[in-house]
Amino acid sequence: VSGVVTLLTVAFAGRLFFMAESGEVSVLRVGGWPESYGIVLVLDRLSALMILLATLVQATTLWFACSGALEEEEERNFFHPLFLILCGSVNWTFLTGDLFNLFVAFEILLISSYVLLFLRPDKFSFHEAIRFVALNALGGILFLACAGLTYGRYGTLNFADLALRVRLEASSWDSAGLAILLLAVFGLKAALFPFFFWLPDAYPRISPAILPYFAGLLTKVGVYCLYRFFTLVFGDALDSWLSPWILSIAGGTMLVGVFGALSRWTFRKILSFHIISQIGYMIFGLGLHSVLGLACGIFYLVHHILVKSTLFLIAGHVVSVNGRDDLKGLGGLARSQPIAASFFLLTALSLAGIPPLSGFYGKFGLVLEGLSMGHIWVVAVSIVTSLLTLASMLKIWNYAFWGKPSHIDGDQGRGSGTLFPIGTMVFLSLAVAVGSGPLMGFAEETGRQLLDGRTYIEAVLGTEAGLHFEQLNKAKGQ
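Just so you know, we're using the working numbering here: the sequence shown kicks off at 343 and counts up by one.
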């Protein structure tokens, strides 16, 4: 059943993507209620792209899980319904057009992820479990407080309506405070510096069957929300005073992630720290707040979702076959598992940004745009991070794949079925590299649509509101 539902979801996501490709923004008013009170679902280029990526990762993760990655009977009994709930809540975050329903989607996402995490209670200590739940609960409370403050101050929770009312405001203190609070909420979800510390200890303990989806999508929900809010609602703040702070957070996120990866000696913990460091590149694009900056950030987002999910699929395959992922306990995998080794080498080089693989194009564009806008120190940090990423990936290669064979004899036949979903994801990653030109063109149009905001507001509130929004932007730009 879960397989049929997933295939239908992928087909539906493809249909939504082609609907949004023209630049049209589609709106569904649930129950016909006015925008200020009812549930509004909005589909534009960015949300359609995210849903398509999410469903592709959903399909390959489910394929991987059903190919032998589910280890325990309790996991097999509860995995499928919980996984579909998790995937549905992720897609909901990409479609919702108001703050309260975004909060509801976040909570459903968190509850389902808690249960999926603790299907393996032996892998989590009590202290780690409490820390993970408490931090996310704190984020939820802060998010709910933000929603209440927003409604109390502006009388609306609808994104489009809120963007218009924030532009109308003479004083910026209230909107500045709200922007900082939401930056903290979404920064915690995206594992930005300094809110990253919950991720590296939690992710390596998650079941290999679900970890590729967690690694590829859950932090990107926070990134998506940052892109949505800080272009549509808080674009003025980003132009006037917030951009240097965003760029500083991006640089800090890159550095703490890559240095954390360099200091670790287990496969999945290194990859977990690299989730953090690579998020920094996406936030770098947001901080530039230009069409090309946003486009390169979005391109890198696409690359990272596919490549990071693939790397965790490979890590899960290695654990499934060998029963461990500590680098010093592995070795010789290039000889015993040459297909998995080839897949790892391709995706590792792509993560480091080696041309002509997909990771190069987004990073190169961010470097060029950062230099043209004078943000030399962030560019330097991004280049250093890329070099250190390569070093940490080579450490995995040298110890796990190229090193001396370990004394552990893995069950080589056990993981053979999991190579097919891994190969599919590698193919998609290579397709991004081959189709980098059209994809970058789509990303540029998406960045332009995000910066403009008028088409989004017109679709939700009407033509008059869109014109008013454009006039306010021109007046503030003078």
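We put the beta carbon where it would ideally sit given N, CA and C, even for glycine.
Legend entry - From Val802, Leu391 and Ala637, residue whose alpha carbon lies closest to that of Gly285: This structure leaves residue 285 out entirely; the chain is present only between 343 and 820.
Legend entry - Per-residue DSSP class, three states only, for Asp668: To locate residue 668, count along the sequence shown from 1; it is residue 326. Strand, per DSSP.
Inset, instruction - Please name the residue, chosen from Arg387, Gly439 and Leu428, that lies closest to Ile381 on a Cα-to-Cα basis. - result: Counting from one through the sequence shown, the residue named residue 381 turns up at place 39. Here the closest residue by C-alpha is Gly439.
Legend entry - Neighbour-count burial assignment, Val372, 16 or more Cβ in a 10 Å radius: Locating residue 372 in the sequence shown gives position 30, counting from the first residue. Burial call: exposed.
Legend entry - Span separating the alpha-carbon of Leu427 from that of Leu451: Taking the first residue of the sequence shown as 1, we reach residue 427 at position 85. Taking the first residue of the sequence shown as 1, we reach residue 451 at position 109. The question names Leu, but residue 427 is Ile in the sequence shown. Distance between the alpha carbons of Ile427 and Leu451: 8 Å.
Legend entry - Residue environment, Gly716, which counts as buried when at least 16 other CB atoms sit within 10 Å: By 1-based counting over the sequence shown, the position of residue 716 is 374. Result: exposed.
Legend entry - Gln679, buried or exposed, once every other Cβ within 10 Å from all chains shown has been counted against 16: As a position in the sequence shown, residue 679 is number 337, starting the count at 1. So Gln679 counts as buried.
Inset, instruction - Please classify Glu511: is it buried, with 16 or more other beta-carbons within 10 angstroms of its beta-carbon, or exposed? - result: Within the sequence shown, numbered from 1, the residue matching residue 511 stands at position 169. Exposed, since its Cβ has fewer than 16 Cβ neighbours within 10 Å.
Legend entry - Secondary structure of Thr498, DSSP reduced to three states: The count along the sequence shown starts at 1 and reaches residue 498 at position 156. Thr498 falls in the coil class under three-state DSSP.
Inset, instruction - Under 6 Å Cβ to Cβ from Glu800, same chain only, skipping five residues before and after it: list those, please. - result: Within the sequence shown, numbered from 1, the residue matching residue 800 stands at position 458. Hits under 6 Å: Gly808.
Inset, instruction - Please check the pair Val563 and Lys531, which I expect to be a contact at CB under 8 Å, by giving their CB distance rounded to whole angstroms. - result: Residue 563 sits at position 221 when you count from the first residue of the sequence shown. Residue 531 sits at position 189 when you count from the first residue of the sequence shown. Sure, about 6 Å apart at Cβ, within 8 Å.
Inset, instruction - Find the nearest neighbour of Trp744 within the set Ala682, Gly765, Gly759 and Leu730, judged by alpha-carbon distance. - result: Numbered from 1 along the sequence shown, position 402 holds the residue referred to as residue 744. Here the closest residue by C-alpha is Ala682.
Legend entry - Same chain, Cβ closer than 7 Å to Ala447, neighbours up to 5 away in sequence not counted: Taking the sequence shown and counting its residues from 1, one reaches residue 447 at position 105. Correct list, in chain order: Ser431, Trp434, Thr435 and Thr438.
Inset, instruction - Note down the Cα distance separating Pro698 from Leu653, rounded to an integer number of angstroms. - result: As a first step, residue 698 is located in the sequence shown; it is residue number 356 there, counting from the start. As a first step, residue 653 is located in the sequence shown; it is residue number 311 there, counting from the start. Their Cα atoms are separated by approximately 18 Å.
Inset, instruction - Starting from Val372, follow the beta strand (DSSP E) in both directions and report where the run begins and ends. - result: Start at 1 with the first residue of the sequence shown, and residue 372 comes out as number 30. Segment Ser368 to Val372, the beta strand (DSSP E) holding Val372.
Inset, instruction - Select from Glu786, Asn664, Ala775 and Ser368 the residue whose C-alpha is nearest the C-alpha of Ser758. - result: On the sequence shown, position 416 is the one that residue 758 refers to. Comparing Cα-Cα distances from Ser758 to each of Glu786, Asn664, Ala775 and Ser368, the minimum goes to Asn664.
Inset, instruction - Can you have a look at Pro763 and say buried or exposed, based on whether 16 or more other CB atoms are within 10 angstroms of its CB? - result: Numbered from 1 along the sequence shown, position 421 holds the residue referred to as residue 763. So Pro763 ends up on the buried side.
Legend entry - Beta-carbon proximity check, Met596 vs Val475, cutoff 7 Å: Stepping through the sequence shown from its first residue, residue 596 is reached at position 254. Stepping through the sequence shown from its first residue, residue 475 is reached at position 133. Going by C-beta atoms, Met596 is not nearer than 7 Å to Val475.
Legend entry - Per DSSP, cross-strand counterpart(s) of Ile381: Sequence index remark: in the sequence shown, residue 381 carries index 39 (1-based). Beta-bridge pairing links Ile381 to Val372.
Inset, instruction - Could you tell me which uninterrupted alpha helix (DSSP H) segments, each at least 4 residues in length, are contained entirely in the segment 600-634, listed from first to last along the chain? - result: 609-630
Inset, instruction - Please confirm if Leu385 has its CB atom under 7 Å from at least one CB of chain B. - result: In the structure shown, chain B cannot be found, because there is only a single protein chain.
Legend entry - C-alpha distance - Leu486 paired with Phe442, whole-angstrom precision: Here residue 486 is taken as the residue at index 144 of the sequence shown, counted from 1. Here residue 442 is taken as the residue at index 100 of the sequence shown, counted from 1. Approximately 8 Å between the Cα atoms of the pair.
Legend entry - Ser707 versus Ile588 - alpha carbon distance: Numbered from its first residue, the sequence shown carries residue 707 at position 365. Numbered from its first residue, the sequence shown carries residue 588 at position 246. First, the amino acid is wrong: residue 707 is Gly here, not Ser. Gly707 and Ile588: Cα-Cα distance of roughly 18 Å.
Inset, instruction - Determine the DSSP secondary structure at Asp440, reduced to helix, strand or coil. - result: As a working note, residue 440 is residue 98 in the sequence shown. In this structure, Asp440 counts as strand in the three-state DSSP scheme.
Inset, instruction - Report, in whole angstroms, the separation of the C-beta atoms of Asp516 and Tyr798, which I expect to be a contact under 8 Å. - result: Taking the sequence shown and counting its residues from 1, the one referred to as residue 516 is at position 174. Taking the sequence shown and counting its residues from 1, the one referred to as residue 798 is at position 456. That belief does not hold up - the Cβ atoms of Asp516 and Tyr798 are roughly 22 Å apart, past 8 Å.
Inset, instruction - Report yes if the CB atom of Ser378 is closer than 7 Å to the CB atom of Asp503, and no otherwise. - result: Position 36 of the sequence shown holds residue 378. Position 161 of the sequence shown holds residue 503. Against a cut-off of 7 Å, the Cβ pair of Asp503 and Ser378 comes out as a contact.
Inset, instruction - Using beta-carbon positions only, say whether Leu523 and Cys488 come within less than 7 Å of one another. - result: Within the sequence shown, residue 523 is the residue found at index 181, counting from 1. Within the sequence shown, residue 488 is the residue found at index 146, counting from 1. Closer than 7 Å, so yes.
Inset, instruction - Can you say whether Leu634 is buried or exposed, counting buried as having 16 or more other CB atoms within 10 angstroms of its CB? - result: Taking the sequence shown and counting its residues from 1, the one referred to as residue 634 is at position 292. That one is buried.
Inset, instruction - Measuring alpha carbon to alpha carbon, tell me which of Ala518, Val649 and Pro550 ends up nearest Phe460. - result: If you number the sequence shown from 1, residue 460 lands on position 118. Ranking Ala518, Val649 and Pro550 by Cα distance to Phe460 puts Pro550 first.
Legend entry - Leu349 to Phe556 span [Cα, whole Å]: Here residue 349 corresponds to residue number 7 of the sequence shown, with the count starting at 1. Here residue 556 corresponds to residue number 214 of the sequence shown, with the count starting at 1. Answer to the nearest angstrom: the Cα atoms are 19 Å apart.
Legend entry - At least three beta-carbon pairs within less than 8 Å, the segment 352-359 to the segment 391-406: yes
Legend entry - Span of the alpha helix (DSSP H) around Ala533: By 1-based counting over the sequence shown, the position of residue 533 is 191. From DSSP, Ala533 is part of no alpha helix (DSSP H); its letter is neither H nor E.
Inset, instruction - Following the continuous alpha helix (DSSP H) through Gln405, name the residue where it begins and the one where it ends. - result: What you label residue 405 is simply residue 63 of the sequence shown in a count that begins at 1. According to the sequence as given, residue 405 is Trp; it is not Gln. From DSSP, the alpha helix (DSSP H) with Trp405 extends over Arg387 to Phe406.
Inset, instruction - For Leu713, count neighbouring Cβ atoms within 10 angstroms of its own Cβ and tell me buried if that reaches 16, exposed if not. - result: Numbered from 1 along the sequence shown, position 371 holds the residue referred to as residue 713. Leu713 should be labelled exposed.
Inset, instruction - Measure the CB-CB distance between Val600 and Thr689 and report whether it falls below 7 Å. - result: One-based indexing of the sequence shown puts residue 600 at position 258. One-based indexing of the sequence shown puts residue 689 at position 347. Not in contact: Val600 and Thr689 (Cβ atoms no closer than 7 Å).
Inset, instruction - Pick helix, strand or coil for Trp583, following the three-state DSSP scheme. - result: Looking up residue 583 in the sequence shown gives position 241. Of the three classes helix, strand and coil, the one that applies to Trp583 here is helix, per DSSP.
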